Amino acid sequence: MSCVLPCLAFQSPSDFDRELTNITRDLKQVILDEDACEDLKDEAEDIEEEIEELLDNSEDYSQGEISEFKQLKKMAKDLQDFITVVAGVGNAFPKTIDFKQVNGKVRIGIYKLEKYDFCVDVQIAEIGDYKAYLVTNNSVNNVRLKINWKTENGTSSGSSEVGMLGKSIRHILDNRDDSLENLIIQSITCTEF
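Laid out in structure tokens, this is it:
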């Protein structure tokens with residue numbers, strides 16, 4: 238696992254970039270361990286906070302470095318949200334464009350399930366044996382989703398209601414619980430709020 242740099246050391250943009258890269262690498266290795274994913278999300282948050290502190294006292298850095306730090310701070314925040322959504326460790330509603338930008342760096346397989354025609358897009362994010370079911374709200378409206386699902390073999394089923402911001406993506410289910418392998422989304426209804 239990666240370590241967050243000590244606050245007292247001189248830190249360059251490349252130091253933070255390296256730490257964020259380590260988190261993206263580690264995510265793929267620990268995705269089936271929910272606690273380890275939570276730890277990685279916390280590491281990204283710590284990096285964001287360190288960069289914020291550094292920006293508050295940035296007199297030792299050039300304008301170019303300050304600009305890089307600001308970009309890295311945004312990347313750290315977006316990486317937290319990405320981990321939250323893909324790993325299902327908390328609540329985050331990243332903008333779809335920011336989520337896709339982070340995935341350009343993380344490079345996990347995400348594909349749309351074309352067989353569904355709901356008010357939101359259903360996608361699967363895959364890392365090895367792990368599958369997360371995600372939904373993308375392509376409208377600008379905030380919606381409340383009512384989701385009904387079952388397993389392909391019919392041994393489990395359920396429903397949930399969740400809120401979702403416009404132009405965002407969120408986690409709905411994953412297969413960490415072996416009984417939720419090969420899900421069928423029966424219905425999703427959207428109510429604007």
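One point on numbering: in the numbering used here, the residue at position 158 of the sequence shown is 395, and numbering is uninterrupted.
Backbone N, C-alpha and C define an ideal beta-carbon position, used for all residues, glycine too.
Model, not experiment: these values are computed from the prediction.
query, result
"Starting from Asp-371, trace the beta strand (DSSP E) in both directions and tell me its first and last residue.", "The sequence as given places Leu at residue 371; Asp does not occur at that position. It spans 367–374 - the beta strand (DSSP E) in which Leu-371 sits, taken as one unbroken run."
"Candidates Ile-422, Ile-409 and Lys-404: which alpha carbon is nearest Thr-333's?", "Lys-404"
"CB Cys-356 to CB Ile-425, shorter than 8 Å?", "yes"
"Taking 6 Å as the limit between beta carbons, can you name the residues of its chain near Asp-358, skipping five residues before and five after?", "Lys-349 and Thr-373"
"Grab me the residues of Thr-428's own chain with a C-beta within less than 7 Å of its C-beta, minus the 5 sequence neighbours each way, in chain order.", "Val-380 and Arg-381"
"For the alpha helix (DSSP H) holding Ile-395, just list the boundary residues, first then last.", "Note that residue 395 is Gly in the sequence shown here, rather than Ile. Not the alpha helix (DSSP H): Gly-395 falls in the beta strand (DSSP E), residues 394–401."
"Taking the C-alpha atoms as reference points, what is the distance between Tyr-367 and Asn-412?", "6 Å"
"Are the region 256–271 and the region 312–331 touching, with three or more C-beta to C-beta distances below 8 Å?", "yes"
"Here's the rule I'm using: 16 or more other beta-carbon atoms within 10 Å means buried, otherwise exposed. How should Glu-280 be labelled?", "buried"
"Report back the beta-carbon spacing between Arg-345 and Cys-274 to the nearest angstrom; my notes put them in contact at under 8 Å.", "Looking at the sequence itself, residue 345 is Ile, so the reference to Arg does not match. Their Cβ separation, rounded to whole angstroms, is 13 Å, which puts Ile-345 and Cys-274 out of contact at 8 Å."
"Where are the beta strand (DSSP E) runs, 3 residues long or more, that stay fully inside the region 310–353, in chain order?", "346–349"
"Excluding the 5 residues preceding and the 5 following Phe-430 in the sequence, name in chain order all residues of the same chain whose CB lies nearer than 8 Å to its CB.", "Asn-379, Val-380, Arg-381 and Gly-400"
"Helix, strand or coil: how does DSSP classify Val-359 here?", "strand"
"Go through the region 248–280 residue by residue and report every complete run of the beta strand (DSSP E) that reaches 3 residues or more, in order.", "none"
"CB-CB under 8 Å to Cys-244, same chain, minus the five flanking residues each way: which ones, in chain order?", "Legend: pLDDT at Cys-244 = 46, less than 50; position of this residue unreliable, no value from coordinates given."
"Grouping DSSP H, G and I as helix and E and B as strand, with all else coil, what is Ile-425?", "strand"
"Does the separation of the CB atoms of Phe-282 and Gln-317 fall below 8 Å?", "What sits at residue 282 in the sequence shown is Glu, not Phe. Their beta carbons are under 8 Å apart, which means Glu-282 touches Gln-317 by this criterion."
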